[in-house]
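I have placed the structure first, in the form of structure tokens, so that the comments after it can refer back to it.
In mature numbering (1 follows the signal peptide of the UniProt record, and there is no 0), the protein residues as written are -30 to -1, 1 to 447.
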């Protein structure tokens, strides 16, 4: 249905007018405003809707309803894209992935919000209080320019989930030390210091078969050391491969360098190939489903919650299910830390990573009254008090005054890794051609992940496709 503002009568038909005169005093009539929103179906958006229903009271005095369409992640882009391009104008408020910005801005669907920010000092101060990596990723098109289209809704990063009952076991600790001459990471601080080399050792060390012993117990199923997203769907393998490419000194096509920046020679540079080869090298220590190209973030998360993996790298947005004994066999056995990184010759660890998370966006057909109420809701949502509550309920905040508060790290066990991850975050493309770039890249990565193609061939094919596509689009000279 078309989202619209509904105006309800106050007492009589005459009260449909903009004001009501009573005893010589003019009162503004209250209105009922409906915001129809498309969101991915996962804990951060479920929490948002719960907070709205239970707490939100608009300052306007209007009755505001949030009609939310929860869409499964694998179908999220296609469903939203179909709605926007069909012309049905169903949604006036969307939780969008950052890489959609260019396509839907150029398509005329997402509204620029600079005027709303400039007209509202409180909103402007809120936007300026964001971590710059989050603001650039979720709000700007072209990327990293002062052209704003999104209000951050849920910021997200990759962290390491660990089984402390396995990692901290004395026998496993001794055996790991004897084999690798290094400490098996057990505490959050030790995981924070972990590089990819140690992560690989964890993967190799904990490869166990049914009937083997693990932490003194006989296994009734196979067990694996590590898991990390490597799925063909949406952007799952891309989020992993980009991290390795960047950390090895390679690159993806950089839209901020258009039109002189090229894909060929960058996407398939020796350093980029080295990074992808490193990623592929780790697959042999993961559950065998990874070789089918279907180990997305939900599969790796499920395997970890089922107790079949020692360490999993995944988004914070999925963390709540691991803490819930109804959905997790390891709920009382968890430890969290930073995602691993590449240790350089100087001993420092590079943790550059693909950022996750999403912004709120307004559609261009949203009415002035709906815009007013949407901005009011955004300001409430991004207020320090609600952001603290969101973090305490399993979300995250990119507002510096919130995540730098000492109590922030007490909300959830992964929050200790949050602030230290932010400076390392980078994003993929925001250009209108992102879906073609992403789909072809995912197909090529899948060939490498499933063993049908080597890293060099894969990145050569991607680089050529991107060079041709972006030249035809005028984004490369």
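Here a beta-carbon is modelled for each residue, glycine too, at the ideal position from N, C-alpha and C.
query                                                                                                               : result
Under 7 Å between C-beta atoms of residue 65 and residue 143                                                        : no
Bridge partner(s) assigned by DSSP for residue 122                                                                  : 329
Integer-rounded CB distance, given that residue 326 should sit under 8 Å from residue 287                           : 7 Å
Nearest-angstrom Cβ-Cβ length linking residue 194 and residue 177, presumed shorter than 8 Å                        : 6 Å
Nearest-angstrom beta carbon gap, residue 274 and residue 292 [assumed within contact, 8 Å]                         : 7 Å
Helix, strand or coil at residue 108 according to DSSP, with G and I counted as helix                               : helix
Residue-level contact to chain B via CB, residue 198, 7 Å cutoff                                                    : Protein chains in the displayed structure number just one, and chain B is not present.
Whole-angstrom C-beta distance between residue 352 and residue 74, which should lie under 8 Å                       : The Cβ separation is near 22 Å, so there is no contact.
Beta carbon of residue 313 nearer than 7 Å to that of residue 416                                                   : no
Buried or exposed by the 16-neighbour rule on C-beta atoms within 10 Å, applied to residue 188                      : exposed
Close beta carbons around residue 285, own chain, < 7 Å, minus the five adjacent residues each side                 : 126, 128, 267, 326
Alpha carbon of residue -13 to alpha carbon of residue 82, nearest angstrom                                         : Summary for residue -13: the model assigns pLDDT 39, below 50, so the residue's position carries little reliability, and this model does not support an answer.
Contained beta strand (DSSP E) runs [length at least 3] in the stretch 13 to 44, N- to C-terminal order             : 33 to 41
CB contact flag (residue 387, residue 289, <7 Å)                                                                    : no
Sequence ranges, alpha helix (DSSP H) only - wholly within the stretch 399 to 439, length at least 4                : 404 to 419
Of the listed residues 25, 33, 38, 26, nearest to residue 330 (C-alpha basis)                                       : 38
DSSP-derived helix/strand/coil call for residue 238                                                                 : coil
Uninterrupted beta strand (DSSP E) stretches inside the stretch 164 to 209 (no shorter than 3 residues)             : 194 to 198
DSSP state of residue 114 mapped onto helix, strand, coil                                                           : coil
Residue 54 - partner residues in DSSP beta bridges                                                                  : Answer is none; residue 54 lacks a bridge partner.
Straight-line gap, residue 44 to residue 53 (C-alpha atoms, nearest Å)                                              : 16 Å
Residue 433 classed as buried or exposed, judged by whether at least 16 other C-beta atoms fall within 10 angstroms : buried
Beta carbon of residue 300 nearer than 7 Å to that of residue 72                                                    : no
Local Cβ density within 10 Å of residue -6, reported as buried at 16 or more and exposed below that                 : For residue -6, the predicted structure reports a pLDDT of 37, less than 50, and the residue's modelled location is therefore unreliable. A value from the coordinates is still provided. Residue -6 is exposed by the Cβ-count criterion.
Residue -17 burial status per 10 Å Cβ neighbour count (16 or more: buried)                                          : Confidence at residue -17 is low in this model, with a pLDDT of 35, below 50, so its placement is unreliable and no value can be given for it.
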